[in-house]
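Position one of the sequence shown corresponds to residue 449 (my numbering), numbered consecutively onward. Where a beta carbon is used, it is the ideal one built from N, C-alpha and C, also for glycine.
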Amino acid sequence: MSIQSTIKQTTITQILEKKNKEKITMITAYDALFAGIFDSEVDMILVGDSLHMSFFGAKDTLGISLDAMIYHTKAVCNGAKESLVVCDMPFGSVATPEIALQGAIRVYKETNAQAVKIEGGAEMYETIKKLVENGIAVVGHIGLKPQLVRSEGGYKVKGKNEKEAQGLLCDAIKLQEAGAFCLVLEGVRSEVGQVIAQNLKIPVIGIGSGVNVDGQVLVWSDMLGFFEAFKPKFVRQYLEGARLVREAVQQYVRDVKSGDFPKMNESY
Ligand code: KIV
Numbered sequence: 449m450s451i452q453s454t455i456k457q458t459t460i461t462q463i464l465e466k467k468n469k470e471k472i473t474m475i476t477a478y479d480a481l482f483a484g485i486f487d488s489e490v491d492m493i494l495v496g497d498s499l500h501m502s503f504f505g506a507k508d509t510l511g512i513s514l515d516a517m518i519y520h521t522k523a524v525c526n527g528a529k530e531s532l533v534v535c536d537m538p539f540g541s542v543a544t545p546e547i548a549l550q551g552a553i554r555v556y557k558e559t560n561a562q563a564v565k566i567e568g569g570a571e572m573y574e575t576i577k578k579l580v581e582n583g584i585a586v587v588g589h590i591g592l593k594p595q596l597v598r599s600e601g602g603y604k605v606k607g608k609n610e611k612e613a614q615g616l617l618c619d620a621i622k623l624q625e626a627g628a629f630c631l632v633l634e635g636v637r638s639e640v641g642q643v644i645a646q647n648l649k650i651p652v653i654g655i656g657s658g659v660n661v662d663g664q665v666l667v668w669s670d671m672l673g674f675f676e677a678f679k680p681k682f683v684r685q686y687l688e689g690a691r692l693v694r695e696a697v698q699q700y701v702r703d704v705k706s707g708d709f710p711k712m713n714e715s716y
């Protein structure tokens with residue numbers, strides 16, 4: 449006899465159905481604890497390779513391995529029972545369609561993620577097609593691609609002129625044709641975000657790409673004010689996480705030093 453959970457996990461079909469009806473919400477998470485808190489609130493949870501910066505403390509996302517992404521995706525899946533979980537394919541893991549397929553198969557076999565995310569435009573057509581043909585759901589990622597930070601010499605807003613905007617639209621259409629069920633569009637001018645969202649059948653989830661897209665994604669540690677190294681313009685900070693935690697820890701230290709903690713009811 450199988451034990452059926454009463455909690456229904458969000459499906460790809462449900463995400464697709466939201467296009468032109470309601471905005472899609474996505475947030476990153478890297479562990480079971482926060483995934484469990486975000487779970488019943490958002491539609492999708494992204495185990496982004498941004499974890500290499502905000503969780504591990506590296507200066508960019510490039511150094512993270514597929515093993516590490518799988519470890520964190522397992523943790524997130526332990527916490528997320530309702531949201532659709534997406535695992536980011538890290539730098540180097542999609543170098544050829546075959547390498548990408550082997551990596552994505554590992555993600556599916558070793559975690560409960562429902563999709564993988566791949567950074568790249570039209571050049572990823574064959575790779576995404578291969579994954580989709582093998583039964584793996586793919587989220588594309590175009591615009592500002594953080595995995596190119598070293599080769600491009602920084603994080604640069606995209607779609608700043610007509611040629612770039614046209615290139616992005618072509619990329620987006622190509623990824624849809626390859627079978628991606630959704631796109632993350634990062635760091636592009638609002639007008640470009642709007643044109644891309646209007647021209648695609650699949651949802652376009654923006655990060656720093658304006659309001660006229662089909663949904664939004666933010667990195668959890670940015671929006672909750674834990675990542676203090678820098679704050680991009682597009683981030684709305686909903687909590688002063690770092691300050692609140694620092695103050696709580698300062699109070700704990702004061703309580704221990706003064707002998708106020710633990711009290712009798714906190715002792716055996
Ligand atoms: O790695 C990540 O968190 C991402 C988001 C910025 C979309 O790719």
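If you measure from the CB of Thr-498, is any heavy atom of the ligand KIV nearer than 6 Å? Going by the sequence as given, residue 498 is Ser instead of Thr. Yes, the Cβ of Ser-498 comes within 6 Å of a heavy atom of the ligand KIV.
Work out the CA separation of Gly-583 and Gly-551 for me, nearest whole Å. 13 Å
Could you tell me the distance, in whole angstroms, from the CA atom of Gly-641 to the CA atom of Gly-540? 27 Å
Nearer than 6 Å: is that true of the beta carbon of Asp-662 relative to any heavy atom of the ligand KIV? no
First through last residue of the beta strand (DSSP E) which encompasses Met-492: 492-495
Are Met-501 and Met-474 touching if we call contact CB-CB under 7 Å? no
Can you give the Cα-Cα distance for Glu-571 and Asp-703, rounded to whole angstroms? 58 Å
So the beta strand (DSSP E) Thr-473 belongs to, where does it begin and stop? 472-476
Suppose only complete runs of 3+ residues qualify. What are the beta strand (DSSP E) ranges in the region 582-615, listed by chain order? 586-591
Closest by CA to Gln-595, which one among Cys-535, Gly-511, Ala-563? Gly-511
What whole-angstrom Cβ distance do Val-542 and Thr-575 have, given they're in contact under 8 Å? 6 Å
Do Cys-535 and Val-564 come within 7 Å of each other at the CB atom, strictly closer than that value? yes
Report, in whole angstroms, the separation of the C-beta atoms of Ile-650 and Leu-464, which I expect to be a contact under 8 Å. 7 Å
When you compare only the Cα positions, how much space is there between Thr-461 and Cys-630? 11 Å
Which first and last residues belong to the beta strand (DSSP E) in which Asp-536 is found? 532-536
Measuring only from the beta carbon, is Thr-473 closer than 6 Å to any heavy atom that is part of the ligand KIV? no
Taking its Cβ as the centre, do 16 or more other Cβ atoms sit within 10 Å of Met-712, making it buried, or is it exposed? exposed
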